[in-house]
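*Asks:* Letter 322 of the sequence shown, counting from 1, is numbered 390 in my numbering, and no numbers are missing.
Beta carbons: idealized from backbone N, C-alpha and C, even for Gly.
These numbers were taken from a predicted model, which means no experiment stands behind them.
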Amino acid sequence: MAKQAQGAGQPPAAIQKLLRAIPKVDDVLLRFEGNTAPAALVKGAVREVLAARREDILAGRLADAAALKQERLLPQIEARLADKLRPNFRTVINATGVVIHTNLGRSLLPASAMESLLAVGTHYANLEFDLATGKRGSRYTLVEELLCELTGAEAALVVNNNAAAVLLVLETLASSREVIVSRGQLVEIGGSFRIPEVMAKSGARLVEVGATNRTHLRDYERAITDATALLLKVHTSNFRMIGFTKEVPLAELVALGAARGIPVMEDLGSGSFVDFSRYGLGKEPTVQETIAAGVDVVTFSGDKMLGGPQAGLILGKRAVIDQVKRNPMNRALRIDKFTLAALEAVLRLYFDEEQAVRTIPTLAMLTMPLAAIERRAKRLSRRLNKSLAGRGRVSLVRTSSRVGGGSLPETELPSCGVALAPKEMRVNELERRLRAAVVPVISRIENECLLLDLRTVADDEIAPLAATLTEVLAGG
Ligand SMILES: *Cc1c(COP(=O)(O)O)cnc(C)c1O
């Protein structure tokens, strides 16, 4: 260090002195002898804290040598170590009211799916083993029959997610050939999934038809050539066009495809087995209706409106699905045993719609009566009124939740929440600290208040939510 200090452009003597006062890593490590944490994590925590103080000195933020005493540094190192020991991937409380929150893991699984996950995770299973013949089996047969019985499809296949499903089907049916799509349906789903780009990756050539707002059957008809491999309809799940618009109904596209010998595909996006308009939500085509309209192949997500694990479901006519199954790319996109276990359990619940809506968390949250959400909000506000000791003003408010996952974008679900106006800190600061809590709380800010929508907060999360809010507002 003394040598460095002689170099050109060296820091002033006062800074040099402070830098020399930073304890040595090995000296600090002696204080952690006997600590049960992994040695590499302890060393990392020590190094990071010492490096941060060094930065502080060089940036002129630290000028008091007393701040470099081990006694002062140890609590910082312990806090850093506690951070490193906490799992990086952990549960949060979703108080945003967005039910299918892609960034928070989309759908929660029902109890039967969790039992099945635990069982196949801790035991061997017949993943690719035919129990009747004792020979190698196919993992796909485990859910194919269920999917066919539930939807009326002839055959089915499941891959990693819907983006993979679209890519795989396009690559199978239309590589180096043409796919006709309406200009109004060239959607971007987010996370860089755009229909034209997926099409390019599959090797298929996109033939856009119609105008942004209106596409007619004759537009598809005129675009058909010898190179046409597929007519593709994409469900515009995450946006709505209103005004002077026209889309060709699926049945008309199917009739055209049949007349010209060209298969028809629909990317349904969310894909649901339940007609949610019966529960007061918007009308979306169900998977059964899409199959009944005669499409050759339909794809949709497992973890959006279906409420299952992340997966891409591919259903349709046997000849087409068989072709997709034979595509070697399939192997690269296949689902694992956990997805399969969870998916089968969720699918079985759909044989009784009333049971599905009650037990599949995504469906239960989407159809939850306002009165039930209000009861939760009242429970939370009663707890907070007792525990906050005047550190914040609590009120019950009407709000609206959203479906999320790019589904039913214009649907606002009437909901009930708790608005919290902190008295001793800014609302942004409160929101930030809640995200940093041991059980992080994800919330919204509205009208200078923290807004907690109770639709997506489970009954057993109300007590920990109240405890975290109380602790954070008390400066903990
Ligand atoms: C969500 C969505 C996808 C992508 O599905 P993932 O399961 O997220 O891969 C593709 N197409 C449409 C229309 C969608 O809404």
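1. Going by other Cβ atoms of all chains shown within 10 Å of its Cβ, with 16 needed for buried, is Pro555 buried or exposed?
2. Any idea if Arg523 is buried or exposed, counting beta-carbon neighbours within 10 angstroms, 16 or more meaning buried?
3. Following a CB-centred definition, is His303 positioned closer than 6 Å to any heavy atom of ligand 1?
4. At a cut-off of 6 Å, would you count Ser175 as near ligand 1, judging by its Cβ distance to the nearest heavy atom?
5. Assess contact between the region 487 to 496 and the region 455 to 474, defined as three or more Cβ pairs (one per stretch) separated by less than 8 Å. Is contact present?
6. For chain D, check one thing: does any of its Cβ atoms lie closer than 7 Å to the Cβ of Glu497?
7. Take Gln72 and list the residues in its own chain whose beta-carbon comes closer than 6 Å to its own, dropping the five residues that flank it on each side.
8. Can you find the residues in the same chain that come closer than 7 Å, C-beta to C-beta, to Arg148, ignoring five residues on each side of it along the sequence?
9. Going straight from the alpha carbon of Gln74 to that of Ala105, what length do you get?
10. Ligand 1 heavy atoms versus the CB of Gly337: any closer than 6 Å?
11. Looking only at its own chain, which residues have a Cβ that is under 7 Å from the Cβ of Val302, when we skip the five neighbours before and after it?
12. Which partner residues of Cys216 appear in the DSSP bridge assignment?
13. Which same chain residues end up closer than 6 Å to Leu300 when comparing Cβ atoms and leaving out the 5 residues on each side of it in sequence?
14. Check Ile248 in the structure and name its three-state DSSP category.
15. With a threshold of 6 Å, establish whether the CB of Glu369 neighbours any heavy atom of ligand 1.
16. Tell me the residue span of the alpha helix (DSSP H) that contains Ala361.
17. Does ligand 1 have even one heavy atom less than 6 Å from the beta-carbon of Ala410?
18. Return the first residue and the last residue of the alpha helix (DSSP H) that Arg426 is part of.
19. Taking only heavy atoms of ligand 1 into account, decide whether any of them is closer than 6 Å to the Cβ of Gly348.
*Replies:* Reading from the atomic positions:
1. A question about residue 555 goes unanswered here, because the residues of the chain that appear run from 69 up to 544.
2. By the 10 Å Cβ count, Arg523 comes out buried.
3. Relative to the non-hydrogen atoms of ligand 1, the Cβ of His303 comes within a distance shorter than 6 Å of at least one.
4. Checking the Cβ of Ser175 against ligand 1 gives no.
5. Touching, per the Cβ criterion.
6. In the displayed structure, chain D is absent; only one protein chain is listed.
7. Confidence at Gln72 is low in this model, with a pLDDT of 47, below 50, so the placement of that residue should be treated as unreliable; the coordinate-derived value is given next. Within its own chain, no residue has a Cβ closer than 6 Å to the Cβ of Gln72 once the five positions on either side in sequence are excluded.
8. So the list reads Ala113, Glu116, Val117, once near-sequence residues are dropped.
9. Per-residue confidence for Gln74 stands at a pLDDT of 44, beneath the threshold of 50, marking its modelled position as unreliable; no derived number is given.
10. Flag set: Cβ of Gly337 near ligand 1.
11. The beta carbon of Val302 is closer than 7 Å to those of Val249, Gln253, Val255, Ile263, Asp335 in its chain, skipping five residues each way along the sequence.
12. Listed as beta-bridge partners of Cys216 by DSSP are no residues whatsoever.
13. Cβ contact annotation for Leu300 (same chain, cutoff 6 Å, sequence separation greater than five): Val247, Val249, Met333, in chain order.
14. Of the three classes helix, strand and coil, the one that applies to Ile248 here is strand, per DSSP.
15. With the sequence shown as reference, residue 369 is identified as Ser, and Glu is not the correct amino acid for it. Under cutoff, so the answer is yes.
16. Per DSSP, Ala361 lies in no alpha helix (DSSP H) and is assigned neither H nor E.
17. Every heavy atom of ligand 1 is 6 Å or more from the Cβ of Ala410, so no.
18. Boundaries of the alpha helix (DSSP H) harbouring Arg426: 421 to 427, taken from the DSSP string.
19. No - ligand 1 has no heavy atom lying nearer than 6 Å to the Cβ of Gly348.
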